[in-house]
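For the sequence shown, the working numbering puts the final residue at 464, and the numbers step up evenly by one. By construction, the Cβ of each residue, glycine as well, lies at the ideal position given by its N, Cα and C atoms.
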Amino acid sequence: MPPESSKVPKVVKLYLEILQYPILAPKIRARMRGELFARGVITRADFENEVRFKAEQSQKLEGLDDPLVQESAEIWERRKQQTRDYLTDFYFAYNLPHELFESIVQSAVAERNPSQKVILSFNPELAPIDMVLAQGERYEALPSDERQQLRHHLQEMVVVVLKTLMSDHLGFIRIAKEWFEISDLKEIRQRRIGDGKIGGKAAGMLLAWKILQATAAQDDNDLRDHLVVPNSWYIGSSVLYDFNSMNNLLFSVDQKYKPLEQIEAEYPSVIKAYLESRLPEEIAEHLRDLLKQIGRHPIIVRSSSLLEDNFGTSFAGKYDSFFCPNQGTHEENLNALATAIKRIYASALNPDALAYRRRMHLLDYDERMAILIQEVQGAPRGKYFFPTLAGVAYSHNPFRWNPQIRREDGFVRMVWGLGTRAVERVGADFPRMVALSH
């Protein structure tokens, strides 16, 4: 799939979609022009006059000072057709809804194979993500028997969107493709700010929730009403690249290859440089809107790197997370949120994380940092806000105080209040150890 970007012009997106239909493209564009003329966007005469004018301009740009002599009639017609195609895409993209284009495409495709109601007529790996999501929604809306016949197409589209939005690690994809639907992925995308993946922590959380929602119904104790994911939003991993580039922080690219002693010595200056930088204005605007939506509810800003919570690597406690009370003025709350994000970006270069990556042979991986923003779960008490409880789960239980306990079922370390005390042990604390085997 080509790089996804909200900044790509509409005409370019439309052009990329038409490229998926090299044989049907002339028929599709002819119908697009018919819609332009029928809906009064431009008259046929004005359109053809502009085609001729721009075709003549292109001759001059290519150095033809006497086109009638230097260019044959055949090439002139080809030049006009290419100009006509471009103008068709341009006028359609900026004047008519994309749904109309999709309808034209489906109609043209169906005419080639009338016996098949719905077919996959493009390569999802190469198509724009909007096109993949739209086609996936059509498949999911079909009756169950028809949808079952197209399951292989639908699963391919789910995998493509998973790799774009969540993770390209095969271990994750192998499991996630069985649980996520296109509608789930569309919801995730609507809550993402900027481009790129939402990171391992966010992806793992959502996958666990999907599995629990599906399997809890089969349990004697149906827990679905008690399983809630806090309101969550995601800053895509590609935003870090934009942040580093616009603030001249490209020294961070090779920081991981320096000796550990040098990394430790330079880390305070890294934090300072990141805190003195500013977020891209487009991202800041999205955050302003987000804070208006959240209101005065406390939030937590969490790391969600591409490697975090991955198969075989946890990164627990390696990157930062920050609570934002969110009780000040709108600008104060925005500044606090921006500071938390910048601190988390800087924590991708902290010595403990880089040492862990070196030990796990992950130093060469392009470890980009996404951000997970969530409303804090808890209750207000006067002027205070208390998180209810938190915990960390382990897949292996080294504490076997009863013969019924199976080590391979794991355990949960649970605490009241902040989750930091569940990850980092605190003296004179009283966590609850819960065996998951019974």
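Asked	Found
First and last residue of the uninterrupted beta strand (DSSP E) at Gln400	395 to 401
Cα-Cα separation between Pro324 and Thr69, rounded to whole angstroms	56 Å
Bridge partner(s) assigned by DSSP for Ala405	Phe412
Option nearest Phe277 by Cα separation, candidates Ile214, Leu375, Val38, Asp315	Leu375
Own chain residues within Cβ distance below 6 Å of Asp194, not counting five before or after	none
Sequence-distant residues of its chain with Cβ nearer than 7 Å to Val529 (five each side left out)	Within the shown structure, residues of the chain are numbered from 27 to 464, placing residue 529 beyond reach of any answer.
Cα-Cα separation, Thr190 to Ser340	22 Å
Buried or exposed (CB count within 10 angstroms, at least 16 for buried), Ile320	buried
Spatial distance of Val460 from Arg407 (CA atoms)	28 Å
Beta-carbon proximity check, Asn352 vs Arg314, cutoff 9 Å	no
Ile49 to Ile130 span [Cα, whole Å]	15 Å
Contact under 9 Å by Cβ, Asn428 with Gly436	no
Same chain, Cβ closer than 6 Å to Ser373, neighbours up to 5 away in sequence not counted	Tyr345, Asp346
Where Gly60 falls: helix, strand or coil (DSSP)	helix
CB of Asp115 within 9 Å of CB of Val184, strictly	no
Length of the line joining the Cα atoms of Lys282 and Leu87	48 Å
Straight-line Cα distance separating Gly445 from Phe456	13 Å
Residue from Phe411, His464, Leu238 with nearest C-alpha to Gly443	Phe411
Simplified DSSP state of Asn359, which is helix, strand or coil	helix
Beta-carbon gap between Ile208 and Leu180 smaller than 9 Å	yes
The region 248 to 256 contacting the region 218 to 235, beta-carbon criterion three pairs below 8 Å	yes
Rounded distance between the beta-carbons of Gly222 and Ser158, thought under 8 Å	Strictly speaking, residue 158 in this sequence is Val, with Ser absent from that position. 17 Å between Cβ atoms; not a contact.
Rounded Cβ spacing between Ile342 and Val418 (contact assumed at less than 8 Å)	The sequence given here places Ala at residue 342; Ile does not occur at that position. Confirmed, Cβ separation roughly 7 Å.
Rounded separation between Val296 and Asn336 - CA only	26 Å
Local Cβ density within 10 Å of Ala379, reported as buried at 16 or more and exposed below that	buried
Cut-off 6 Å between Cβ atoms - residues of its own chain near Ala454, not counting five sequence neighbours on either side	none
Residues near Leu317 by beta carbon distance below 8 Å, same chain, minus five either side	Asn352, His356, Asn359, Leu360, Leu363
Cβ shell of Arg138 (< 6 Å), same chain only, five flanking positions each side left out	none
Residues of its chain near Tyr382, where Cβ-Cβ distance is below 6 Å and the 5 sequence neighbours each way are ignored	Lys344
Cut-off 6 Å between Cβ atoms - residues of its own chain near Lys212, not counting five sequence neighbours on either side	Leu159
Check whether Gly225 and Met395 have beta carbons under 9 Å apart	yes
Distance between beta carbons of Tyr391 and Leu333, contact taken as under 8 Å	6 Å
Neighbour-count burial assignment, Glu307, 16 or more Cβ in a 10 Å radius	exposed
Phe63 versus Ile155 - alpha carbon distance	29 Å
Cβ pair Leu113, Val67 closer than 9 Å	no
Nearest neighbour of Lys80, chosen from Asn273, Lys106, Arg59, Gly89 [CA to CA]	Lys106
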